[in-house]
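When we follow this note's numbering, the leftmost residue of the sequence shown carries the number -4, and every step to the right adds one. Note that beta-carbon positions come from the ideal geometry of N, C-alpha and C, so glycine has one too. Remember, it's a predicted structure, so these values are computed and weren't measured experimentally. To start, the structure under review is shown below, and the notes come after it.
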Amino acid sequence: MSKIKVGLLGGGGIVDAHIRGYRTYADAIEVTAIADVVDETARRRAAELGATAYSDFRLMIDEADLDAVDICLPHHLHAEAIVAAAQAGKHILCEKPLCLTVQQADEVQRVVSAAGVTLMCAHNQLFLPAVSTAKQLLEQGILGSVYEVRTSDSFYNDFNPQNMGWRATAATSGGGELMDTGYHPTYLMLHLAGGSPVEATALLSRHRLRFMDSEDSAQVLVRFDNGVVGHLVTSWAYQPPPGSERFSVVGERGSLHSDGRDLTVSLRGSTSQTYDFDDVDTYVSEIGHFADCLRSGARPLHTEREGIDVLCLILAAYEGARSRTISPVFGRSEMGDVGL
Ligand SMILES: NC(=O)c1ccc[n+]([C@@H]2O[C@H](COP(=O)([O-])OP(=O)(O)OC[C@H]3O[C@@H](n4cnc5c(N)ncnc54)[C@H](O)[C@@H]3O)[C@@H](O)[C@H]2O)c1
-4 MSKIKVGLLG GGGIVDAHIR GYRTYADAIE VTAIADVVDE TARRRAAELG ATAYSDFRLM
56 IDEADLDAVD ICLPHHLHAE AIVAAAQAGK HILCEKPLCL TVQQADEVQR VVSAAGVTLM
116 CAHNQLFLPA VSTAKQLLEQ GILGSVYEVR TSDSFYNDFN PQNMGWRATA ATSGGGELMD
176 TGYHPTYLML HLAGGSPVEA TALLSRHRLR FMDSEDSAQV LVRFDNGVVG HLVTSWAYQP
236 PPGSERFSVV GERGSLHSDG RDLTVSLRGS TSQTYDFDDV DTYVSEIGHF ADCLRSGARP
296 LHTEREGIDV LCLILAAYEG ARSRTISPVF GRSEMGDVGL
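Printed below as a string of structure tokens:
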């Protein structure tokens, strides 16, 4: 079987992690072209990968012999890149966030489904063994009815006005920390809650990175249609206190919680059970999953459907914060109904 040929869009920081995946699955998938608007970056990445360099990703999509693209661009360019790739019949791996507005989401959904290509969201934390095991246990009903899901992703980010680039500006990042790192605990919450979010609100803060247009920290509350209440904490301002969980789920029969590595299940009336997992490079797993899905035609764990669900939840949280109310979460199916 011939290898899947991928064109990288953007050659910045996250590409190092994706390259580890392409090297690990070199028998199945390879990067044959790379586009970056900074010539030096495009040439350096092309030399590193043995690929052809482009400065214009649209030209690369038109000219290069590609089966798929891997979008690692600043956020404001994701929708345009997805549409160009899908219209050219290329499969797509897209870094978070999928896109930034409901109008873009609507277009992405229409164009990807009309083209019949596979789009996988690069939601790498789903590949943590603690997450996949928790998901399996929840689907088996280990906790009975689920009441509460908590997720978090916070760290001390040493951004300053000189090194922060497009992330400091809402026009290019689509918001603040919640739209960026906050995407991870949001897709994780959706994955574990097992229902559809119906309402949300947020408290946003700029604790430390005051030069940002928007928040450096967010706390989000969500209600799901199956009765689950979600609480999410995410920040670039501070390191969370030792012992903080990455996620936890509480239900009628007990709880499970994880620091992102191990998973502990505590059921009422029994001794707790801890699963110890080895460290996993989730970016490597993500590239392997993308290659497998393209080879087998299987549906990726998260496609544009889940990417849009995450976006709608984040937009509702922002709206709740702006209006100081609890905002409805419009889903994919209602996009047309609300005139978006
Ligand atoms: N999953 C994760 O844990 C994770 C971590 C970091 C970044 N990301 C995501 O990866 C994406 C890229 O982030 P990054 O940290 O690599 O950013 P970055 O700024 O390091 O890299 C972006 C690259 O895109 C290039 N670029 C900008 N405009 C372009 C254009 N018009 N055409 C072609 N190239 C262009 C820049 O020159 C730069 O090399 C974002 O979506 C980000 O949210 C994900």
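Output needed for glycine 334: all residues of its chain with C-beta closer than 6 Å, excluding positions within five of it in sequence on either side, in chain order.
Legend: pLDDT at glycine 334 = 37, less than 50; position of this residue unreliable, value from coordinates given subsequently. No residues qualify anywhere along the chain.
Tell me whether lysine 85, by its Cβ, gets closer than 7 Å to a heavy atom of ligand 1.
Lysine 85 Cβ: outside cutoff for every heavy atom of ligand 1.
Can you list, in chain order, the residues of its chain with a C-beta nearer than 7 Å to that of tyrosine 20? Leave out the 5 residues immediately preceding and following it.
Result list for tyrosine 20: Ile282, Gly283, Ala286, in chain order.
Quick one: using the 10 Å Cβ neighbour count with 16 as the cut-off for buried, is leucine 202 buried or exposed?
Note that residue 202 is histidine in the sequence shown, not leucine. Flag for histidine 202 reads exposed.
For leucine 72, I'd like the list of residues in its chain whose CB is within less than 7 Å of its CB, leaving aside the five on either flank, ordered along the chain.
If we look at leucine 72 and ignore the five residues flanking it on each side, it has no Cβ neighbours.
When burial is assigned at 16 or more other CB atoms within 10 Å of the CB, is glycine 169 buried or exposed?
Counting Cβ neighbours within 10 Å, glycine 169 comes out buried, since at least 16 surround it.
Would you identify the three-state DSSP class for valine 324, choosing helix, strand or coil?
In this structure, valine 324 counts as coil in the three-state DSSP scheme.
Three Cβ pairs or more, each shorter than 8 Å: is that satisfied between the stretch 56 to 71 and the stretch -3 to 15?
A contact exists between the stretch 56 to 71 and the stretch -3 to 15.
Whose C-beta lies closer than 7 Å to the C-beta of asparagine 221 among residues of the same chain, with five residues either side of it excluded?
The residues are Gly189, Gly190.
Evaluate serine 318 with the Cβ neighbour count: other Cβ atoms within 10 Å of its Cβ, from every protein chain shown; 16 or more gives buried, anything less gives exposed.
Per the 10 Å Cβ criterion, exposed.
Can you have a look at aspartate 304 and say buried or exposed, based on whether 16 or more other CB atoms are within 10 angstroms of its CB?
The residue is buried, with at least 16 neighbouring Cβ atoms inside 10 Å.
For glutamate 361, verify whether its CB is less than 7 Å away from any heavy atom of ligand 1.
Not covered by the structure: residue 361. The range shown for the chain is -4 to 335.
Please classify methionine -4: is it buried, with 16 or more other beta-carbons within 10 angstroms of its beta-carbon, or exposed?
With fewer than 16 Cβ atoms within 10 Å of its Cβ, methionine -4 is classed as exposed.
Distance check for serine 280 and alanine 125, CA to CA, integer angstroms please.
Straight-line Cα distance between these residues: approximately 14 Å.
Would you say the stretch 46 to 59 touches the stretch 20 to 30, given that touching needs at least three Cβ pairs under 8 Å?
As far as the Cβ criterion goes, the stretch 46 to 59 touches the stretch 20 to 30, which means the pair count is three or higher.
In its own chain, which residues sit with a C-beta less than 6 Å from the C-beta of threonine 259, not counting the 5 before and 5 after it?
Within the same chain, threonine 259 has close Cβ partners His252, Ser267, Thr269.
Of all Cβ atoms in chain D, is any one closer than 8 Å to the Cβ of glutamine 135?
Looking for chain D here will not work: only one protein chain is present.
Nearest by alpha-carbon distance to glutamine 234: which of Asp148, Pro156, Thr181 is it?
Of Asp148, Pro156, Thr181, the residue nearest in Cα terms is Asp148.
Hey, would you say the C-beta of leucine 310 is under 7 Å away from at least one heavy atom of ligand 1?
Incorrect: leucine 310 has no Cβ contact closer than 7 Å to ligand 1.
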